[in-house]
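Trainee: Read top to bottom, the protein sequences are chains Z and A.
Just so we're aligned, residue 2 is where the first sequence starts under this note's numbering, counting upward by one.
Just so we're aligned, residue 59 is where the second sequence starts under this note's numbering, counting upward by one.
Backbone N, C-alpha and C fix where the C-beta goes; we use that ideal spot for every residue, glycine too.
Handing you a structure now.
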Amino acid sequence: MSPAAAQSPAPDATPGATERISVGGEITATYGSEDPGFFNYATYAYDPLQNVRLVFDASVRPMRAVEVLAQVRTDGLSQARMAALYVRLRPWDARDIDLQIGRIPTAFGLYGRNGYGGDSPLVGRPLAYGYLLSLRRDALPATTADLFRMRGRGWLSNFPRGNVAPDRGLPIVNADTWDAGAQVRLASTRVAWTGAVTVGSLGSPRLGDDNGGRAVSTRFVVRAAPSLAIGVSAASGAYLSRDLDPTLAPGESTSRLWQRAAGVDLEFATGPWLIRSEVLASRWQLPALASGPIDPVTAVTTWTEGRLRVLPGLDLGLRVEHLGFSDLGPAAAAEPWEAAVSRLEAGLAFVPARHLRFKLAAQRNRRPSGGRVRHDTLFAAQVGLWF
Amino acid sequence: MVLGPHWRAFAGAIAVTTALVAALPRASTGGQLAGVDTGVIRGRLDIRRLASIPQPRPTVGDLGGRGQRGVPDVRRGLVYLDVAPRSAFDDGEPGRAVMDQRNETFVPRLLAVQTGTTVDFPNSDATFHNVFSLSRARRFDLGRYAAGKSKAVRFDRPGVVRVFCDIHSHMSAFVVVFNHPFFRVTDADGRFRIDNLPPGTYTVVGWYEGEARTQRAVTVTAGVISDLELVVP
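So, in structure tokens, the structure goes:
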């Protein structure tokens, strides 16, 4: 008998429609440095560098074309919350067309859906997907000086119009919470397009509408070569709470004050290398200040991340990123409306077994022009177990 | 004739061994092979109580579903001799086998090969795949590669090698490597046949999804086909 002759011929896989219920989950425990500059915080609920996260996913397929998906998540061992709950309709088996309705994953950008924790040796998320800016959904500056005063203070921002109590600001894209709405996706071997209409906005996803506005977002991905995928994303949506309407000038409405964003991303993979990069710009339209109408304020961020598989089960990763802001004020004395941030993060991931991974990461954050902490070097260790 | 104490001990050992072998659960005789000095074990590995289709993780974070995928041939088990006859270890010619990647599935899901075999892992999907293993018997990572490309791994140590795709967490498979040729992956009905076995008594193991689930001792006689039913409890 020849060495491989004991193997029966490979059978053709048979089609199956019996996948009715499936579950999965992940436990991630992270322990790292204190982060007094709030470079990594996206919420008051937990510190991402000192957190235990439990995630439980479930899918039920009551019939061939219908799937109900849910994700329950708890951070810091606090109360569990329903991070996702939606229905996926796939009317034709042979065609890649999906309709998703409910609390759905964001269509925008490269990062916001999975977090790819198991796929990257890094612990921190890109600044675009969590770093808190000073802008708030329930409070507004009265003057440009109010904005300048809050530079680098997104963790505890306050403005004189609307809710004057200090609270956290908005990230460009909130990767922690998903929006509620409907989404359609069409895909072929080389291209995929997704369009979504939701009630919140990129930075402030919501379960229920709070301003009468709608957010639209879209993503188009083309696989230019087998190793290269290029994505283009855009989104526009009202981001302010209608509680602010009484503070607005006549003719202004929170339903017409938008956050608009556009981004280009790429993912290149070959052999042991995986490279991801994204350039993303976001603009927020502000109502007139005391001095009169102002142009929308802009943030532009770029990040590039590389992963190298040194050995089976051993990865090295590096991300470089920068988040910058447009100038505000008279041309002679224009200043950025927020404090620019840059970050360098390096990490190592060790996977001794399929469902277990360890990470060690270090990040250097710099924010020279704002915030109480202008620069900080942070370390984190993480263990993750998934099933 | 009077036997010395050593001869008496030897005769006693022979008698005990003969009695033990006679007491072993016997495989039934399923036929005769004319003019050969080897035997055959054939039969069926019944895994019906175990076989279930492993479900992929829910794709909660995806913008769409995966569509209809093939279901791996999970009902296939593996039957092998726990200890092979000495002649099994004679040098053989290194072979070649294929584990394809189709519809985000390794096909076949279970591949059994002899040491020295090179296994090709072609990517027959339109998307990128990666093949890796963290198993002690063979630790490797083929990196990410595109549709139409193929990479190969040579398996030189016996053992169970679990194979995964780094990109698609629902993809997994087994390559089981033996240092002898007396093994067989069952067909879809659980049937198997191991040929060219030198006469003797062997322990036959039924294996499924990473574990030896059942075993039985079988005596092989030259020129005889021994039928064996292995039922996983």
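For the pair the segment 223-239 of chain A and the segment 194-210 of chain A, tell me if three or more CB-CB distances fall below 8 Å.
Mentor: yes
Trainee: Can you check whether the CB of Z:Ala354 is closer than 8 Å to the CB of A:Leu192?
Mentor: yes
Trainee: Counting Cβ pairs, one atom from each stretch, are 3 or more of them under 8 Å apart for the segment 316-329 of chain Z and the segment 104-116 of chain Z?
Mentor: no
Trainee: Can you tell me whether Z:Gln80 is buried or exposed, with buried defined as 16 or more other CB within 10 angstroms of its CB?
Mentor: exposed
Trainee: Whose C-beta lies closer than 7 Å to the C-beta of Z:Gln51 among residues of the same chain, with five residues either side of it excluded?
Mentor: The beta carbon of Z:Gln51 is closer than 7 Å to those of Thr31, Tyr32, Gly33 in its chain, skipping five residues each way along the sequence.
Trainee: Nearest-angstrom Cα distance between A:Val263 and A:Arg215?
Mentor: Annotation: A:Val263 to A:Arg215 spans about 19 Å, alpha carbon to alpha carbon.
Trainee: To the nearest whole angstrom, what separates the beta carbons of Z:Asn175 and Z:Gly209, a pair I think is in contact under 8 Å?
Mentor: Not confirmed; about 16 Å, so no contact.
Trainee: Check the DSSP bridge columns for Z:Thr305 and list the partner residues they point to.
Mentor: Z:Ser278, Z:Val321
Trainee: With a threshold of 8 Å between beta-carbons, can A:Phe186 be considered close to chain Z, or not?
Mentor: yes
Trainee: Over what stretch of residues does the alpha helix (DSSP H) that includes Z:Leu148 continue unbroken?
Mentor: 145-150
Trainee: Which residues does DSSP pair with A:Ile99 in a beta bridge?
Mentor: Looking at the DSSP assignment, A:Ile99 forms a beta bridge with A:Ile252, A:Ser284.
Trainee: Could you confirm whether any beta carbon from chain Z is found closer than 8 Å to the beta carbon of A:Leu192?
Mentor: yes
Trainee: For Z:Gly25, decide whether its Cβ has a neighbour in chain A, counting only Cβ atoms nearer than 8 Å.
Mentor: Closer than 8 Å to some Cβ of chain A, the Cβ of Z:Gly25 qualifies, so yes.
Trainee: As a quick exercise: from A:Pro257, A:Asn181, A:Gly258, pick the residue whose alpha carbon is nearest that of A:Cys223.
Mentor: A:Asn181
Trainee: Are the C-beta atoms of Z:Ala282 and some chain A residue less than 8 Å apart?
Mentor: no
Trainee: Output, in sequence order along the chain, the residues in the segment 224-254 of chain Z whose CB is closer than 7 Å to any CB in chain A.
Mentor: Pro227, Ser228
Trainee: To which residues does DSSP link Z:Lys360 through a beta bridge?
Mentor: Z:Ala350, Z:Gln383
Trainee: With DSSP run on the structure shown, which of helix, strand or coil describes Z:Ala332?
Mentor: helix
Trainee: Only counting the same chain, and skipping five residues up and downstream in sequence, which positions put a Cβ closer than 6 Å to that of A:Ile105?
Mentor: Excluding positions up to five away in sequence, the list reads Gly135, Tyr266, Val290.
Trainee: For A:Tyr203, is the classification buried or exposed, using 16 other Cβ atoms within 10 angstroms of its Cβ as the cut-off for buried?
Mentor: It is buried - the Cβ of A:Tyr203 has at least 16 other Cβ atoms within 10 Å.
Trainee: Say whether the segment 36-56 of chain Z touches the segment 359-378 of chain Z, bearing in mind that this needs 3 or more beta-carbon pairs closer than 8 Å, one atom from each stretch.
Mentor: yes
Trainee: Pull up the CB-CB distance for Z:Leu288 and Z:Ala250, whole angstroms please, since I reckon it's below 8 Å.
Mentor: Note that residue 288 of chain Z is Pro in the sequence shown, not Leu. Yes, Z:Pro288 and Z:Ala250 are in contact; Cβ-Cβ is about 7 Å, under 8 Å.
Trainee: Using a Cβ-Cβ cutoff of less than 6 Å, which residues in the same chain neighbour Z:Val69 once the five nearest sequence positions on both sides are dropped?
Mentor: Val61, Val88
Trainee: Would Z:Leu324 pass as an interface residue toward chain A - the criterion being a Cβ-Cβ separation below 8 Å?
Mentor: No, Z:Leu324 does not count as interfacial toward chain A.
Trainee: Alpha carbon to alpha carbon, how far is A:Val79 from A:Phe240?
Mentor: Confidence is the limiting factor: at A:Val79 the pLDDT is only 44, short of 50, which leaves the residue's position unreliable, though a coordinate-based value still follows. Roughly 21 Å between the two C-alpha positions.
Trainee: On a CA-only basis, which of A:Thr244, A:Gly281, A:Ile225, A:Ile252 is nearest A:Ile99? Give me that one, please.
Mentor: A:Ile252
Trainee: In terms of DSSP beta bridges, what is A:Leu192 paired with?
Mentor: For A:Leu192, the beta-bridge partners assigned by DSSP are A:Arg197.
Trainee: In terms of residues, what are the limits of the beta strand (DSSP E) holding Z:Asn391?
Mentor: The requested residue 391 of chain Z does not occur in the structure, where chain Z is confined to residues 2 to 388.
Trainee: Do Z:Ala300 and Z:Leu134 have their C-beta atoms within less than 8 Å of each other?
Mentor: Between Z:Ala300 and Z:Leu134, the CB-CB gap stays under 8 Å.
Trainee: What are the boundary residues of the beta strand (DSSP E) that includes A:Thr117?
Mentor: It is not in any beta strand (DSSP E) - A:Thr117 carries neither H nor E in the DSSP assignment.
Trainee: Round the Cβ separation of A:Ser227 and A:Arg115 to the nearest angstrom and send it over; I've been treating them as touching at under 8 Å.
Mentor: 6 Å
Trainee: Quick one: what does DSSP say Z:Ala129 is sitting in, helix, strand or coil?
Mentor: helix
Trainee: Alpha carbon to alpha carbon, how far is Z:Ala340 from Z:Leu187? Give it in angstroms, no decimals.
Mentor: 39 Å
Trainee: Which residue wins for smallest C-alpha separation from Z:Leu357, given the options Z:Pro122, Z:Ile22, Z:Ser23?
Mentor: Z:Pro122
Trainee: Could you tell me whether the segment 231-247 of chain Z touches the segment 256-270 of chain Z, using the rule of 3 or more Cβ pairs below 8 Å?
Mentor: At 8 Å Cβ cutoff, the stretches touch.
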